[in-house]
């Protein structure tokens with residue numbers, strides 16, 4: 004049953020990098036463990052402009068970030084010493100746990116060429132038992148991700164279990180995350196067996212119960228009652244299907260997520276005090292806490 008339609012809030016992160024923010028939403032902060040979803044692009048930039056949209060090192064706690072590209076590329080560096088060029092179709096799963104920092108740099112002059120850069124980034128809240136786990140980063144190649152085709156429907160399982168497929172991506176709670184492409188008029192239903200489910204329409208349109216829904220919208224469903232039939236519009240649709248079982252309520256402030264408000268306050272102090280390290284090969288600048296007039300970070304004594 005369709006319970007809510009979330010319209011995107013559009014923002015310019017600077018220098019022409021446009022983002023549609025879907026989650027969190029005032030009336031729907033999470034879908035299963037998913038607590039954040041941004042859709043950037045597609046946007047084209049000339050080669051001499053791409054470095055202007057670099058994202059400097061910044062911290063996270065209590066979540067996993069999931070970076071998934073439709074086109075373009077970006078270089079990830081983190082405080083574990085990982086350097087990974089993120090390319091379309093691969094899954095890049097960074098678990099912050101007790102604390103990690105990372106940067107996203109556009110070092111390739113062609114990062115925004117051709118079809119431009121188009122990136123989906125989601126955050127998955129960790130269960131309480133795993134919120135203080137050791138940080139980690141894993142890259143999964145396209146060949147490692149299960150795919151399926153049924154007539155006019157193609158799908159790739161990014162994480163979790165759905166439609167009889169099982170992903171090797173390491174997760175911490177029951178969830179599903181699917182990239183699906185539907186040709187015009189193709190019909191399907193959502194994965195079953197999860198408490199909360201949603202569809203984000205990346206492009207094209209779909210109909211639910213005869214009502215049209217367009218690109219940029221997220222449709223949120225519960226698992227009560229019959230599963231509705233979803234039908235792609237005349238131009239087809241590219242969809243991200245996501246959801247899972249609830250991990251309980253969460254506090255979210257800036258890049259920090261936790262089941263405990265006091266843990267957010269500790270994370271603020273940890274970042275200011277230098278207790279969350281910077282990437283070892285990207286440690287000359289960082290993003291300070293919001294609303295700070297000057298970088299407040301104090302490096303710990305060696």
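In the working numbering, the protein residues as written are 4 to 305.
Here a beta-carbon is modelled for each residue, glycine too, at the ideal position from N, C-alpha and C.
Bear in mind the structure is a predicted one, so any value in this text is a computation, not a measurement.
Report the option in the options whose CA atom is closest to the CA atom of residue i.
| i | options | result |
| --- | --- | --- |
| residue 162 | 118, 175, 153, 155 | 175 |
| residue 114 | 130, 80, 105, 73 | 73 |
| residue 17 | 52, 36, 131 | 52 |
| residue 118 | 31, 75, 265 | 75 |
| residue 259 | 277, 21, 184, 134 | 134 |
| residue 272 | 235, 254, 292, 164 | 292 |
| residue 107 | 82, 250, 220 | 82 |
| residue 39 | 9, 15, 54 | 9 |
| residue 77 | 85, 89, 84, 71 | 89 |
| residue 205 | 242, 190, 170 | 242 |
| residue 15 | 7, 28, 41 | 41 |
| residue 139 | 269, 173, 164 | 173 |
| residue 183 | 30, 285, 244, 29 | 244 |
| residue 248 | 285, 12, 164, 171 | 164 |
| residue 116 | 216, 49, 218, 257 | 49 |
| residue 54 | 277, 216, 112, 215 | 112 |
| residue 188 | 28, 236, 27 | 236 |
| residue 226 | 153, 256, 201, 286 | 201 |
| residue 27 | 217, 132, 256, 179 | 256 |
Can you find the residues in the same chain that come closer than 6 Å, C-beta to C-beta, to residue i, ignoring five residues on each side of it along the sequence?
| i | result |
| --- | --- |
| residue 69 | 96, 125 |
| residue 192 | 230 |
| residue 297 | Legend: pLDDT at residue 297 = 45, less than 50; position of this residue unreliable, value from coordinates given subsequently. Nothing meets the Cβ criterion. |
| residue 290 | 59, 61 |
| residue 238 | 207 |
| residue 199 | 34, 35, 246 |
| residue 288 | 59 |
| residue 186 | 155, 239 |
| residue 128 | 36, 38, 66, 250, 253, 260 |
| residue 279 | 62, 102, 104, 273 |
| residue 87 | 79, 142 |
| residue 136 | 100 |
| residue 84 | 283 |
| residue 22 | 14, 16, 41, 43 |
| residue 269 | none |
| residue 7 | 31, 223 |
| residue 12 | 24 |
| residue 264 | 254 |
| residue 286 | none |
Near residue i, which residues of its chain fall below 8 Å by C-beta distance, leaving aside the five closest residues on each side in sequence?
| i | result |
| --- | --- |
| residue 305 | Since pLDDT at residue 305 reaches only 35, below the 50 mark, its modelled position is unreliable, and the value read off the structure follows with that caveat. Within the same chain, residue 305 has no close Cβ partners at all. |
| residue 5 | 211, 212, 222, 223, 224, 231 |
| residue 166 | 151, 158, 160, 181, 194 |
| residue 299 | Legend: pLDDT at residue 299 = 46, less than 50; position of this residue unreliable, value from coordinates given subsequently. These residues qualify, in order along the chain: 275, 291, 292. |
| residue 215 | 208, 209, 236 |
Bridge partners for residue i per DSSP, in chain order?
| i | result |
| --- | --- |
| residue 58 | 107 |
| residue 23 | 13, 42 |
| residue 33 | Bridge partners of residue 33: none, in fact. |
| residue 95 | 70, 142 |
| residue 78 | 88, 108 |
| residue 246 | 179, 200 |
| residue 124 | 41, 70 |
| residue 150 | 159 |
| residue 235 | 209 |
| residue 8 | 222 |
| residue 115 | Paired residue(s): none; residue 115 is not in a bridge. |
| residue 241 | 184, 206 |
Ignore the nearest five residues each way along the sequence and tell me which others in residue i's own chain have a CB closer than 7 Å to its CB.
| i | result |
| --- | --- |
| residue 93 | 142, 143, 144, 145 |
| residue 20 | 43, 46, 56 |
| residue 294 | none |
| residue 110 | 78 |
| residue 130 | 175, 176, 250 |
| residue 91 | 72, 73, 74 |
| residue 168 | 149, 151, 160 |
| residue 267 | 254, 256, 259, 261 |
Pull up the CB-CB distance for residue i and residue j, whole angstroms please, since I reckon it's below 8 Å.
| i | j | result |
| --- | --- | --- |
| residue 46 | residue 120 | 6 Å |
| residue 25 | residue 203 | 6 Å |
| residue 282 | residue 105 | 7 Å |
| residue 190 | residue 233 | 7 Å |
Minimum length 4: unbroken alpha helix (DSSP H) runs contained in the stretch 158 to 216: With a minimum length of 4 residues, no continuous alpha helix (DSSP H) run stays inside the stretch 158 to 216.
Please list the segments of the beta strand (DSSP E) lying wholly inside the stretch 258 to 295, counting only runs of 3 or more residues, in order along the chain. DSSP runs (the beta strand (DSSP E)) wholly in the stretch 258 to 295: 259 to 261.
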